[in-house]
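Contents: one structure, followed by commentary.
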Amino acid sequence: MLLSKRLSPTHGLVVLSLLINFSLWGQDSSIPKSTPIPRTNTSDDIEQDSAIVAIENEIDTFLKAGESTKALYTLIKLTEEYGHRGNYSKSYETAWKALSIADTNDNEVVKSHIYRRLGAMYSFSKRKDEAIKYLRLSRDIIKGLVEKGKMKEEYLLNNYYTFVYTYRGLNEPELAKKYLDSCYIYYSDKQNEVALPYIKFEEAYVLREDKKYDEAERILIEIEPWFQENAPSYLVLVYAYWAVIYKNTGQLKKATDYYKKAIAISDQYKSHMDFTPYIHEKLAEIYRLMGNYKDGYTHLNKAKALTGKFFDGRSKNNISLMEIKNEYRLEKERQQEIIRQQRMETLEQQDKILMLQRIILASSLIFVIIIGFVYVKHIRSKHRAEKRLLEKTKALEMQKANELLETKNKELAASTLQLVEKEEFLKKLKNELQGEDGSVKISEINRVLKSISAGNANNWEEFKLRFTDVNKDFYEKLNSTYPNLSQTDQKICALIKLNLSSKDMARLLGISTKSVHTTRHRLRKKMGLQRSDNLEELIASL
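So that you can map any letter, position 124 of the sequence shown is 124 in full-length UniProt numbering, and since no number is skipped, the others follow by simple counting.
Below is the structure:
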C-alpha cells in the first residue's frame, strides 16, 4: 500500500526531513540524501557542543531577520539535537519555546510538528497519556487542513509514522502495527523514497514481535545499505533491534557483535546516546548467558552510569525536566486563566445586558399591547356610539319622513275630498241650470257649463301635481311595472293609493260607482292579478 501523491514543493522537504528525524530515541537530523559529518568533540559539556552552538546562531539569525517560520523549523532541529544527546530538559524547554513563537506566528503546520516532538519527548519518560495527547493534537491539525483542502492527505503519513515509533517505544506492537498499516496507505512510490526505510524498519520490529524473525531480518538486510549511505547514525537503532533477533534465535555471538556495532555508531556520531544504556544492559545479559561475567559486569556498570546520567532525576541534565520547570507553560496557563476569567466576566456582562434588553423589550411589548388594547377599545366604543347615533338619526329622519308623508297624504286626501265636494256642487249646479225654464240665457248657461267642464279637468291636473309631489316615484314605478295602463287606470291607481272608497272615486271622476268597479276589474286583469291577490296592498307597495 503506497502513497498516491507527491508532497508540495513548499512543505515537502521540511516535512520529510522532520519525518526522518522523529524517532522514539531521537533520530538523525540530517537533510535527506546527505551524509552527516562525524563529530569528534567528546566534551561532556553538551551545551558547548559546536553543532548546538551553530544551530543556536542560525536561530538568532532567522529571528533577527524576521523569518519566524525558518527559526521555528530550526528550533525543532535543535530540540532533536538535544534529544540525541539525552538532554531532555533542554529538548523539552526548546520545544516549548518553539511553541510560544508558533502561537504568534499562527503557523498551524509548524505547531503540528512541535506537538509531535512534545509527544515523542513525553514518550521517552513513559508518560503515555501526555505523549498520545500531543500526537493527536498534531494529527488533528493536519486532518483539519486536509479537510479544508489546504494540504494533501499525504501529509498524514508523518503523523501515523510518529504513532508507530511511539507505540514501539512503549512496547505496544499491536498498536504500532495498526498505525503501520496507515503509513503504507498514505505512502507512494512516486514520493521521495527517503521515508520508506524508516517505515520498513518499523515493520521489521512488528514482525520480530510476531516471532517472524526471518522476515524481520530480511527487511533489515534490505534497508541497511540505505542507512549506511543516507543516515548512518540511525544504524544505532537498526543494529540494536537486529541484535535482539539474534538473541531470540540463540545466536548470542552475532547479537554481541551487533550491539557493539550500535555502540560504535553512537560514539562516532554522538547520536542516540540515551539508547546506549539499554544496549549495555542487553550486552551484560548476553555475557551472563555466555558465562563471561567479567565483561557482563563491565557493561552492567556502564548501563547503570549512563542510566543515571540520562534518566536519574538527580542528573544535572534532567533535574529541570523532572520538575517540569517551564516558564512558558506556566505563563501560558496563567494567560489562559486570565483569558478564561475575562471571558467569564464578558459572558456574565453579556448575560446581564441581554437580560436587561429582554426586560426592556418585554416591558415595551406589554406597554404597546396595553396601549393598543385601550386604543382599540376606544375606537370600538367610538364606532359603536357613532353607529348608535347614526341609527338613531336615521330612525328619526325616517320617522319624520313618514310623518311628513302621512301629513301630505292626509292633506292630499282632504284636498281630494274638497275636489269631490266641488265636483258635486258643480254637478248639482249644472243640473239645476239645465232644469230651469228660460229665466237664464241659453248662452250664459252654455258658458257656465263649459267653464265647469274645464274646471273639472284642471282640478284633476292639480290633484296629479300634488299627488306626484308627495309620492314622487309612484307613477314611474307604476309605468315601468305595468306599461299598458290607460290614463283612467292610472287615476284609479292613484286614488287607491290614497285609500279612497269607490263612491269617492266615482264622485271625483264624475262617473258612476258601477263604472269605478268596472274600471277596477279591468285594472286587475291588465295587472295579471288573481282572485286571491289584494289590489290595494299591491298599489300601496309601489
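Note that beta-carbon positions come from the ideal geometry of N, C-alpha and C, so glycine has one too.
- By the Cβ neighbour-count rule, Asn484 is exposed, with fewer than 16 other Cβ atoms within 10 Å of its own.
- Assignment of Asn159 by DSSP, reduced to helix, strand and coil, places it in the helix class.
- Judged by beta-carbon spacing, Val146 lies beyond the 8 Å limit of Leu180, meaning their Cβ atoms are not closer than that value.
- In this structure, Ala284 keeps its C-beta atom at 8 Å or more from the C-beta atom of Ala262.
- Annotated three-state conformation of Ile360 is helix, per DSSP.
- Val109 and Tyr167 have their C-alpha atoms roughly 23 Å apart.
- By the neighbour-count criterion, in which 16 or more other beta carbons inside 10 Å mark a residue as buried, His521 falls on the exposed side.
- Counted as a single uninterrupted DSSP element, the stretch harbouring Ser233 is not any alpha helix (DSSP H), since DSSP gives it neither H nor E.
- In terms of Cα proximity to Gln490, the closest of Tyr187, Leu78, Glu476 is Glu476.
- By the CB criterion at 8 Å, Leu465 and Ile492 fall outside the cutoff.
- Annotated as distal: Val238 and Phe275, with beta-carbon spacing of 8 Å or more.
- If you compare the alpha carbons of Tyr375, Asp103, Glu56, Arg208 with that of Tyr82, the shortest gap goes to Glu56.
- By the Cβ neighbour-count rule, Tyr293 is exposed, with fewer than 16 other Cβ atoms within 10 Å of its own.
- Counting only runs of 4 or more residues that sit fully inside the segment 98-160, the alpha helix (DSSP H) segments are 108-124, 128-147, in chain order.
- One thing to note: Ser138 has its Cβ within 8 Å of the Cβ of Tyr115.
- Taking C-beta atoms as the reference points, Met121 and Ser89 fail to come closer than 8 Å.
- Between Glu537 and Ser501, the alpha-carbon positions lie close to 14 Å from each other.
- Tyr198: member of the alpha helix (DSSP H) spanning 196-209, first to last residue.
- Around the beta carbon of Met398, fewer than 16 other beta carbons sit within 10 angstroms, so the residue counts as exposed.
- A straight-line Cα-Cα distance of about 20 Å links Gln349 and Ala362.
- Taking the CA atoms as reference points, Lys270 sits about 10 Å from Val236.
- Counting only runs of 4+ residues, the alpha helix (DSSP H) found wholly inside the UniProt repeat "TPR" (236-269) occupies 252-269, in chain order.
- As the crow flies, the alpha-carbon of Gly149 is around 11 Å from that of Ile142.
- A direct Cα-to-Cα measurement between Tyr186 and Pro197 gives close to 15 Å.
- Selection Ile199, Ala204, Leu252, Ser266 evaluated against Tyr287 yields Leu252 as nearest (Cα-Cα).
- Within the same chain, Cβ atoms closer than 7 Å to the Cβ of Phe227 are found at Pro197, Tyr234, Leu235, Val238, the five residues on either side in sequence being excluded.
- The C-alpha of Tyr482 is placed about 7 Å away from the C-alpha of Met527.
- Where Tyr179 is concerned, the enclosing alpha helix (DSSP H) starts and stops at 173-185.
- The C-beta of Pro225 has fewer than 16 other C-beta atoms within 10 Å across all chains shown, which makes the residue exposed.
- DSSP places Gln530 in no alpha helix (DSSP H); its state is neither H nor E.
- Secondary structure of Asp473 (DSSP, three-state): coil.
- In this structure, Arg531 keeps its C-beta atom at 8 Å or more from the C-beta atom of Val420.
- Note that the C-beta distance between Ala51 and Leu63 is not below 8 Å.
- When the alpha-carbon of Thr79 is set against those of Glu67, Ala95, Ser68, the nearest one is in Ala95.
- Distance from the CA atom of Arg117 to the CA atom of Leu135, rounded to whole angstroms, is 8 Å.
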